[in-house]
Every structure is written in structure tokens, then in C-alpha cells.
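Final position of the sequence shown in our numbering is 399; the numbers increase by one with none missing.
A short write-up of the structure that comes next.
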Amino acid sequence: MAQLVLGIGTSHSPQLSMAWDAWPIRGEESDKRNPALIGTDGIFSCYYDLLMRADGIRISLGRTLLSALMGHAFNLITPMMYLGGEPIRTFYVAGVSGAPKRQIVATIIVNKFQELAGLMVFILASIAVVAVTHGLHGHALILVAFAVPIMLAFV
């Protein structure tokens with residue numbers, strides 16, 4: 245008999261474990277003291293901002309986050325969920341920073357490959373957990389291994 249298996253992961257675990265009115269306090273106090281979010285020049289940054297500054301593209305953190313929100317909004321309404329809003333993001337950052345569009349597209353491509361690499365690590369870890377806990381072997385394991393690339397083609 246088949247079993248249903250559910251796995252849930254989130255990048256917002258602290259938000260799920262605290263009251264909603266404590267979110268701004270965590271962001272203002274905890275995140276701004278986190279050395280992993282501060283560049284070598286002492287500027288508080290998000291990941292994409294660090295990536296752009298490493299390539300010499302200088303815009304404020306607020307404009308970086310605004311460009312990300314613009315991209316995500318268009319990603320939700322376009323058929324290509326992860327890439328549909330990137331042209332909007334590219335044109336906005338190019339207009340604000342004066343950097344060439346091809347340089348901005350290069351940082352976006354690096355960002356997307358790093359996101360994909362992280363996704364692949366979690367998918368492969370999930371396959372390993374399922375294989376060990378449910379005793380998959382032989383044809384079942386081969387089927388799961390081939391299903392992952394097919395699934396990623398549709399993501």
C-alpha cells in the first residue's frame with residue numbers, strides 16, 4: 245500500500261516561531277548586527293546587492309530590494325515563473341545605476357544559477373532521505389533519480 249509523504253521547508257523559520265509584532269524588532273536589531281549581512285566596506289546588504297557591488301554596480305539597498313520586488317511581481321504573472329520578471333529588473337537597475345544591461349544580466353544569471361544549485365542540494369538530500377527511510381532500491385531509485393530532472397524542467 246502506498247504512503248503519502250509530506251516535506252515542508254521554509255526560509256522564514258524565525259518569522260513562523262515569533263509573534264508578528266516582533267518581526268521589525270528582529271530585522272532592526274538582529275539582522276543589522278549579523279556580520280554575514282555586512283560587506284567588507286561596512287554596508288548592510290542583501291545577497292543580490294552584494295553580488296552587484298562585487299561587479300561594480302552601485303545602487304542603494306532600497307533600490308535593490310525594489311528591483312527584486314518588481315521582478316518577483318512580474319514572475320508571478322508571467323508563464324516563466326523564475327525568469328519572467330528579470331527583464332524589468334534589468335531595465336530598472338540599468339536606469340538607476342547607469343551600468344550596461346549585459347553586466348546586470350550577468351549578475352542575474354549568476355544569482356539564478358546559485359538559487360538552482362541550492363534547490364538541487366535540497367532535492368538531492370530529500371531523495372536520499374526518502375531512499376533511506378523507505379528502503380528504495382533498484383528500479384524505484386532509478387525512477388526517482390530520473391524524475392527529478394524532468395520535474396526541474398517544469399519548475
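Using N, Cα and C, we set each Cβ at its ideal position, and we do this for glycine too.
Please read these numbers as outputs of a predicted model, since none were measured by experiment.
{"Check": "Quick check: the Cα distance between A312 and P331, rounded to an integer number of angstroms?", "Outcome": "11 Å"}
{"Check": "Checking 8 Å against the spacing of the C-beta atoms, do V349 and I303 come in under that value?", "Outcome": "no"}
{"Check": "Just to confirm the assignment, what range does the alpha helix (DSSP H) spanning R307 have?", "Outcome": "L305 to I321"}
{"Check": "Roughly how many whole angstroms lie between the Cα atoms of A369 and G362?", "Outcome": "11 Å"}
{"Check": "Taking DSSP as the reference, what is the three-state secondary structure of I352?", "Outcome": "helix"}
{"Check": "Could you give the DSSP three-state label for M395: helix, strand or coil?", "Outcome": "helix"}
{"Check": "Just verifying my parser: in three-state terms, what is the DSSP assignment at M244?", "Outcome": "The chain is shown from 245 up to 399; residue 244 falls before or after that span and cannot be answered."}
{"Check": "Should D293 and T351 be called a contact, given that it needs their Cβ atoms to be closer than 8 Å?", "Outcome": "no"}
{"Check": "Return the CA-CA distance between T377 and A384, expressed in angstroms with no decimal places.", "Outcome": "13 Å"}
{"Check": "Are the CB atoms of I394 and V337 nearer to each other than 8 Å?", "Outcome": "no"}
{"Check": "Take G306 as the anchor and find which of N319, Y291 and Q358 has the nearest alpha-carbon.", "Outcome": "Y291"}
{"Check": "For A389, I'd like the list of residues in its chain whose CB is within less than 6 Å of its CB, leaving aside the five on either flank, ordered along the chain.", "Outcome": "none"}
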